[in-house]
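Asks:
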Amino acid sequence: MTEERKPTRQPPRRATYQEVLGAHLRALRRQRDVKASVIAERFEVSEALLSKVERGARGPSPATLAMYCEVLGVPLLDLLADVAMRHRELLDPFDPLLRLELPPYVRALDGLALYAGIPARHMPRSVPARIPDTTTMIFGASDVRAPQHSPARPPAHGQHAGG
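Position in the sequence shown (from 1) plus 19 gives the number in our numbering.
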């Protein structure tokens, strides 16, 4: 008898985001050589709370995020923008948003939206409409096929495109 395995479920996006945020906070704290005990004592919180946040087991409250930003010297919007970028890389490395040069305020808003848990369906539709076709940037022109609805064909060997 063959045992069937159930496909493993992907973690919910929220859990993944909390894990990315927590790992980023821990990395920043270690990079700056700040002990969790120092943060806990300074802000009168438990080290267990900090550990849960840094493991992604618990999402940080706005007050907890502000506390980390103050101790680590990182602007909140920069922190959230960096985490949003990393989160998108993990979920979909081919996400066109990763390849665009967007203004910092757009990256910051993306970070805020992910932190707040705003579903994509509630985000403005004008931003994706402005994203250019990135297939040639990602795959290179030689690998891209013309859309099927396009009647344009490449010129036959020896002919010029102009006619």
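For every residue, glycine included, the Cβ atom is placed at its ideal position computed from N, Cα and C.
Because the structure is a prediction, the values reported are computed rather than measured.
(1) With R267 and L91 assumed to form a contact (beta carbons below 8 Å), what rounded beta-carbon distance in angstroms separates them?
(2) For P123, name the three-state secondary structure that DSSP assigns.
(3) Measuring only from the beta carbon, is R107 closer than 6 Å to any heavy atom that is part of the ligand PLP?
(4) For G130, is the classification buried or exposed, using 16 other Cβ atoms within 10 angstroms of its Cβ as the cut-off for buried?
(5) One question on the structure: do G184 and E38 come within less than 7 Å of each other, judged by their Cβ atoms?
(6) Tell me which residues share the same chain as K71 and place their Cβ nearer than 7 Å to its Cβ, disregarding the 5 neighbours each side in the sequence.
(7) Is the CB-CB distance between Y36 and L133 below 7 Å?
(8) Can you tell me whether A103 is buried or exposed? The criterion is at least 16 other CB atoms within 10 Å of its CB, across all chains shown.
(9) For V90, report the span of its alpha helix (DSSP H) as first-last.
(10) Give the C-beta separation of L69 and A82 to the nearest angstrom, bearing in mind that I take them to be a contact with Cβ-Cβ under 8 Å.
(11) Got a sec? Which residues, its chain only, sit under 8 Å from P112 by beta carbon, not counting five neighbours each side?
Replies: The answer reads as follows:
(1) The structure shown does not extend to residue 267, since the chain is modelled only from 20 to 182, so the question has no answer here.
(2) Three-state DSSP puts P123 in a helix.
(3) Absence of the ligand PLP is noted for the structure shown, with no ligands found whatsoever.
(4) By the beta-carbon neighbour count (other beta carbons within 10 angstroms, threshold 16), G130 is buried.
(5) Because the chain in this structure spans residues 20 to 182, residue 184 falls outside the shown range and cannot be described.
(6) Only R77 meet the Cβ criterion.
(7) Yes; because the gap between Cβ atoms is below 7 Å, this pair is in contact.
(8) Counting Cβ neighbours within 10 Å, A103 comes out buried, since at least 16 surround it.
(9) 81-91 is the extent of the alpha helix (DSSP H) around V90.
(10) In this structure L69 is not in contact with A82, their Cβ atoms being roughly 13 Å apart against a cut-off of 8 Å.
(11) Its chain contains no residue whose beta carbon lies nearer than 8 Å to that of P112 once the 5 sequence neighbours on both sides are disregarded.
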